[in-house]
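**Student:**
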Amino acid sequence: MMDVAPLALTDSIKVLLKDTATRLKGTERRQFMAQVVQSLGRGGGVQAERELGWNRGTVRKGLYELEHGPIHDAFEQRGRKPAEAKLPQLLSDIQAIVEPQTQADPTLTSQRLYTR
-5 MMDVAPLALT DSIKVLLKDT ATRLKGTERR QFMAQVVQSL GRGGGVQAER ELGWNRGTVR
55 KGLYELEHGP IHDAFEQRGR KPAEAKLPQL LSDIQAIVEP QTQADPTLTS QRLYTR
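Counting from -5, one number per residue, gives the positions in the sequence shown under the numbering used here.
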């Protein structure tokens, strides 16, 4: 890596960096913040925290992601699982209970079945 002079934070650059960071989400945002901190040079994390209002923990996570790649958090696997996952026969049992008492629409204008 080449030695580059640290980035000076003028008011216009601060506005630009803050605006860009707010427009990004997730991994992209953290990695952008980490790249800015790296370009600020030594003490860039403290400077970004003070002057840009960025959380050092978020920047630290971004630095980790720059080095190792995005963190997979398995967000889609969270939450309550469907009842059918725990009770595979549930739908067929409910259908067996309700089926004998269902009837079609007398005018046959609807595909719905009704129970008494």
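Ideal placement from N, C-alpha and C gives every residue a C-beta, glycine not left out. In this text the structure is predicted, and so the values were computed from the model without any measurement.
To the nearest angstrom, how far is the alpha carbon of L107 from that of L81?
**Tutor:** In a straight line, the C-alpha of L107 is about 25 Å away from that of L81.
**Student:** For L85, is the classification buried or exposed, using 16 other Cβ atoms within 10 angstroms of its Cβ as the cut-off for buried?
**Tutor:** Exposed, since its Cβ has fewer than 16 Cβ neighbours within 10 Å.
**Student:** For the alpha helix (DSSP H) that contains P109, what are its first and last residues?
**Tutor:** Correcting the residue identity first, residue 109 is Thr in this sequence and not Pro. Counting along the chain, T109 falls outside any alpha helix (DSSP H), though it belongs to the beta strand (DSSP E) covering 107 to 109.
**Student:** Is A42 near F26, with beta carbons less than 8 Å apart?
**Tutor:** Against a cut-off of 8 Å, the Cβ pair of F26 and A42 comes out as no contact.
**Student:** Using a Cβ-Cβ cutoff of less than 6 Å, which residues in the same chain neighbour L1 once the five nearest sequence positions on both sides are dropped?
**Tutor:** If we look at L1 and ignore the five residues flanking it on each side, its Cβ neighbours are S33, L34.
**Student:** Is R96 helix, strand or coil by DSSP?
**Tutor:** For the record, residue 96 in the displayed sequence is Thr; it is not Arg. Looking at T96 - three-state DSSP - the assignment turns out to be strand.
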